[in-house]
Amino acid sequence: MTRKRQGRTGFFKGATLTRPTHSPPVADPQAALAALQGTIYEWDAASNALAWGPNAAEVLNLPPDALPPTGQALAGLVEPGTGPADRAGAIAAAGRAYDLRYALRFGTDRVVMVRDAGRATPDGQGGVSAVRGFLRIEKASEDMLPGAVGRRSALLARLNADIAEALRFSHSITLILGRIEDGEDGPAPERLARLLAPMMRRRDLLTALGSDRFAMVLASCAAWDAASAMKRLAGLLAAHGLPVKLGAASAPEHALGAMELLRLAEQALETALAGPDATVLHEARRRAPQPARPAPDPLDTVHILNARRLTLALQPVVDAQTRRAVLAHAQPFVVGEPGDQGGPLAPARPLKGANLPLLVDARMLELAADHLARRPDARVSLPVAPATLRDGEWLPMLAAHLGARPGIESRLLIELPESVLRHPGVTRGRLDALKALGVGVVLSGFGSGYATLAHLRHLPIDILKIDGVFTRILCGSTEDRLFVRRLIDIAQHLGIATLADGVDDEAEARRLATWGVDYLQGTVTGEAEPLPLPGLLPLRARRA
7 MTRKRQGRTG
17 FFKGATLTRP
27 THSPPVADPQ
37 AALAALQGTI
47 YEWDAASNAL
57 AWGPNAAEVL
67 NLPPDALPPT
77 GQALAGLVEP
87 GTGPADRAGA
97 IAAAGRAYDL
107 RYALRFGTDR
117 VVMVRDAGRA
127 TPDGQGGVSA
137 VRGFLRIEKA
147 SEDMLPGAVG
157 RRSALLARLN
167 ADIAEALRFS
177 HSITLILGRI
187 EDGEDGPAPE
197 RLARLLAPMM
207 RRRDLLTALG
217 SDRFAMVLAS
227 CAAWDAASAM
237 KRLAGLLAAH
247 GLPVKLGAAS
257 APEHALGAME
267 LLRLAEQALE
277 TALAGPDATV
287 LHEARRRAPQ
297 PARPAPDPLD
307 TVHILNARRL
317 TLALQPVVDA
327 QTRRAVLAHA
337 QPFVVGEPGD
347 QGGPLAPARP
357 LKGANLPLLV
367 DARMLELAAD
377 HLARRPDARV
387 SLPVAPATLR
397 DGEWLPMLAA
407 HLGARPGIES
417 RLLIELPESV
427 LRHPGVTRGR
437 LDALKALGVG
447 VVLSGFGSGY
457 ATLAHLRHLP
467 IDILKIDGVF
477 TRILCGSTED
487 RLFVRRLIDI
497 AQHLGIATLA
507 DGVDDEAEAR
517 RLATWGVDYL
527 QGTVTGEAEP
537 LPLPGLLPLR
547 ARRA
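Position 4 of the sequence shown, counting from 1, maps to 10 under my numbering, and the rest follow consecutively.
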């Protein structure tokens, strides 16, 4: 079977692509993603907001309203001892691309091992400003879990029962967590039990959580008495040469559920380990939630637009076989003021009464159109926000720029995220209008779970841009590689060109080219370079 690359708007020259003669039936991209048991997510550092892909609730087996809404909430589900102690710190330390494994606890007896791989956007200060990742449930995950996870599950089951009884009979329980501080493994559980026997009652529980960590459940101990209980415990161990750090929380004073009680006790122990106090009891005011770092002020973005400090940064997109540049991917770049180097435009909060993405995309369109008019050999892929596509001003604005610069339409591609297919009917009309103007259409984030085979058959798409997070899993399991190959096969069967995003490794580039990907984008093809600002007329007041 032979297919030709798309040539409806002049981007491609009709080069023949040879495909296998006996190919398996085309899979649906949503079905392929479901088989992989993974979901896309996006995290914004400024707001701490976490946005999940359309299949996240199904993959994680949670109600949609129970999905972690923030990065902090997701970090709180990470089971201690199963991966990096600081997930956000591990992502920042990894640089642009990260690949982590850890366990998530979704309930008293439900813990799953996950692989978390993706791409981070550095903030220029040693941290990250945004993350786009792929969270996948590891098969046979129960066999991969450390033994300490089972002990924590047993502890949580016991806490659930004790809290229920405490609520029924109007008394309190206290959970004390401890770590032996002698620099070696702690005493054997049997010895620890003998040392602490003088303070334990019949229904109390002592259990080891690790070589140097333990938990004690005092089945009838109120919060007001927890501090003295910790001092007695520390004294018993110190008398035998075992210095200890302790953290505690009580129910129902501090928590009404086992997982929350354990989390608060762990936080109290962390505070003790980090400070001079040997014992710390949870206090609500001690662990006030950290306010999210505010997103950039939208008026700052308007100021950047009005000061004409926004320019294009162009990253090369190359032919996968020849490595010749075929087009450039546009990104918004802020030209720095005196003493400031500038950098990528940071996402801002919504601006009341205005479509801020439209204002930014309008300036980007103006700059891209001007660049194409000056450079008759250039081709540009211009990302456009879903809010811009939906706005009634966008298509007339695009038509005006194309009319003022005849001939550039065949060299301009409008790039839209796959999430626009949340509303396929409206999107189809907008895409048809784009094609009527003569521009090309790129669907980015391909494979994230919004596109169906029916969408791809009927929508006028020129290029499917495979989500960059999937290039991070090429070195994983056979199932990971098979998923990426299925995405490529789907596009090939439909006669749609493919572009792999986020290709940072030469081995990845060669493998993708062998599989039939048409174009590559990433650090392997070159960094994005900002263009000098042309002299353009000031924006009209209605735009900014």
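Even for Gly, the Cβ is constructed at its ideal location relative to N, Cα and C.
Nearest-angstrom Cα separation, counted from isoleucine 479 out to isoleucine 97: Along the sequence shown, read from residue 1 onward, the residue named residue 97 stands at position 91. Along the sequence shown, read from residue 1 onward, the residue named residue 479 stands at position 473. About 16 Å.
Beta strand (DSSP E) segment containing methionine 222, residue limits: The count along the sequence shown starts at 1 and reaches residue 222 at position 216. Residues 219-224.
Spatially closest choice to alanine 172 from Ala264, Gly281, Gly139, by CA coordinates: Along the sequence shown, read from residue 1 onward, the residue named residue 172 stands at position 166. Minimum Cα distance to alanine 172 is reached at Ala264.
Cα-Cα separation between leucine 66 and leucine 42, rounded to whole angstroms: The residue you call residue 66 lines up with position 60 of the sequence shown. The residue you call residue 42 lines up with position 36 of the sequence shown. Their backbone Cα atoms lie some 12 Å apart in a straight line.
Stretch-stretch touch, CB-based, cutoff 8 Å, three pairs: the segment 491-498 with the segment 112-120: no
Isoleucine 310 to leucine 316 span [Cα, whole Å]: To locate residue 310, count along the sequence shown from 1; it is residue 304. To locate residue 316, count along the sequence shown from 1; it is residue 310. In a straight line, the C-alpha of isoleucine 310 is about 6 Å away from that of leucine 316.
Completely contained beta strand (DSSP E) runs for the segment 356-394, where each covers 3 or more residues: 386-389
Presumed contact (8 Å Cβ cut-off) between valine 390 and alanine 374, rounded CB distance: Locating residue 390 in the sequence shown gives position 384, counting from the first residue. Locating residue 374 in the sequence shown gives position 368, counting from the first residue. That belief does not hold up - the Cβ atoms of valine 390 and alanine 374 are roughly 11 Å apart, past 8 Å.
Spatial distance of threonine 498 from glutamate 514 (CA atoms): One-based indexing of the sequence shown puts residue 498 at position 492. One-based indexing of the sequence shown puts residue 514 at position 508. The identity of residue 498 in the sequence shown is glutamine, whereas the question assumes threonine. Approximately 19 Å between the Cα atoms of the pair.
Close beta carbons around glutamate 272, own chain, < 8 Å, minus the five adjacent residues each side: Mapped onto the sequence shown, residue 272 falls at position 266. Only Pro86, Leu183, Gly253 meet the Cβ criterion.
Simplified DSSP state of glutamate 64, which is helix, strand or coil: For this step, residue 64 is matched to residue 58 along the sequence shown. Glutamate 64 falls in the helix class under three-state DSSP.
For methionine 119, the first and last residue of its enclosing beta strand (DSSP E): Reading the sequence shown from its first residue, position 113 is the one you call residue 119. Unbroken beta strand (DSSP E) run through methionine 119: 116-128.
Residue environment, leucine 262, which counts as buried when at least 16 other CB atoms sit within 10 Å: Locating residue 262 in the sequence shown gives position 256, where the first residue counts as 1. Per the 10 Å Cβ criterion, exposed.
Counted within 10 angstroms of its Cβ, other Cβ atoms place glutamate 535 as buried (16 or more) or exposed: Residue mapping note: residue 535 aligns to position 529 of the sequence shown, counting from 1. Glutamate 535 is exposed by the Cβ-count criterion.
beta-carbon arginine 142 near the ligand PLP non-hydrogen atom, thresh 6 Å: The model on display carries no ligand, and the ligand PLP is accordingly not part of it.
Option in Lys358, Gly349, Ala336, Glu399 with minimal Cα separation from leucine 378: As a working mapping, residue 378 is identified with position 372 in the sequence shown. If we check each option's Cα against that of leucine 378, Ala336 comes out closest.
Simplified DSSP assignment, three categories, for serine 256: Numbered from its first residue, the sequence shown carries residue 256 at position 250. If DSSP states are grouped into helix, strand and coil, serine 256 belongs with the strands.
Beta-carbon proximity of glutamate 196 to lysine 251, cut-off 7 Å: Taking the sequence shown and counting its residues from 1, one reaches residue 196 at position 190. Taking the sequence shown and counting its residues from 1, one reaches residue 251 at position 245. The answer is no: Cβ separation not under 7 Å.
Buried versus exposed, by CB contacts within 10 Å (16 or more), threonine 484: Within the sequence shown, numbered from 1, the residue matching residue 484 stands at position 478. Classification of threonine 484: exposed, given that the 10 Å Cβ count is below 16.
Sequence ranges, beta strand (DSSP E) only - wholly within the segment 426-465, length at least 3: 446-452
Alpha helix (DSSP H) runs contained entirely in the segment 484-523, provided each spans 4 or more residues: 484-499, 512-521
Same chain, Cβ closer than 7 Å to alanine 257, five either side skipped, listed in chain order: Here residue 257 corresponds to residue number 251 of the sequence shown, with the count starting at 1. Excluding residues within five positions, the ones whose Cβ falls inside 7 Å are Ile169, Ala172, Ser178, Ile179, Leu267.
Assigned secondary structure, glutamine 321 (DSSP; H/G/I helix, E/B strand, else coil): Taking the first residue of the sequence shown as 1, we reach residue 321 at position 315. If DSSP states are grouped into helix, strand and coil, glutamine 321 belongs with the strands.
First and last residue of the uninterrupted beta strand (DSSP E) at glutamine 527: For the purposes of this step, residue 527 is identified with residue 521 of the sequence shown, where counting begins at 1. That residue, glutamine 527, is in no beta strand (DSSP E); it is neither H nor E in DSSP.
Which of helix, strand or coil DSSP assigns to leucine 56: Position 50 of the sequence shown, counted from the start, is the residue given in the question as residue 56. Leucine 56 falls in the strand class under three-state DSSP.
Bounding residues of the alpha helix (DSSP H) (the contiguous stretch that carries aspartate 71): Position 65 of the sequence shown, counted from the start, is the residue given in the question as residue 71. Looking at the DSSP string, aspartate 71 is not in any alpha helix (DSSP H), and its letter there is neither H nor E.
Expected contact under 8 Å - CB spacing of alanine 94 and alanine 81 to nearest Å: The residue given as residue 94 occupies position 88 in the sequence shown. The residue given as residue 81 occupies position 75 in the sequence shown. With a Cβ gap of about 7 Å, alanine 94 and alanine 81 count as contacting.
Residue from Leu462, Pro466, Gly446 with nearest C-alpha to glycine 435: On the sequence shown, residue 435 is found 429 positions in, with the first residue counted as 1. Per the Cα distances, Pro466.
Presumed contact (8 Å Cβ cut-off) between histidine 461 and leucine 427, rounded CB distance: Numbered from 1 along the sequence shown, position 455 holds the residue referred to as residue 461. Numbered from 1 along the sequence shown, position 421 holds the residue referred to as residue 427. That pair is a contact at about 6 Å.
Residues bridged to alanine 214 (per DSSP): Numbered from 1 along the sequence shown, position 208 holds the residue referred to as residue 214. Answer is Phe220.
Under the three-state DSSP convention, the category threonine 15 falls into: Within the sequence shown, the letter at position 9 stands for residue 15. Because the pLDDT at threonine 15 is just 41, under 50, the model does not fix this residue reliably, and the point stays unresolved.
Lysine 471 burial status per 10 Å Cβ neighbour count (16 or more: buried): For this step, residue 471 is matched to residue 465 along the sequence shown. Label assigned to lysine 471: buried.
For phenylalanine 140, the residue or residues it bridges with in DSSP: Looking up residue 140 in the sequence shown gives position 134. Its beta-bridge partners are Ile46, Ala123.
Cut-off 6 Å between Cβ atoms - residues of its own chain near arginine 219, not counting five sequence neighbours on either side: Residue 219 sits at position 213 when you count from the first residue of the sequence shown. The answer, listed in chain order, is Arg185.
Identity of the residue in Glu276, Trp230, Ala284 nearest alanine 240 by Cα: Position 234 of the sequence shown holds residue 240. It is Ala284.
Residue burial classification, proline 282 (beta-carbon count within 10 angstroms, cutoff 16): Stepping through the sequence shown from its first residue, residue 282 is reached at position 276. By the 10 Å Cβ count, proline 282 comes out exposed.
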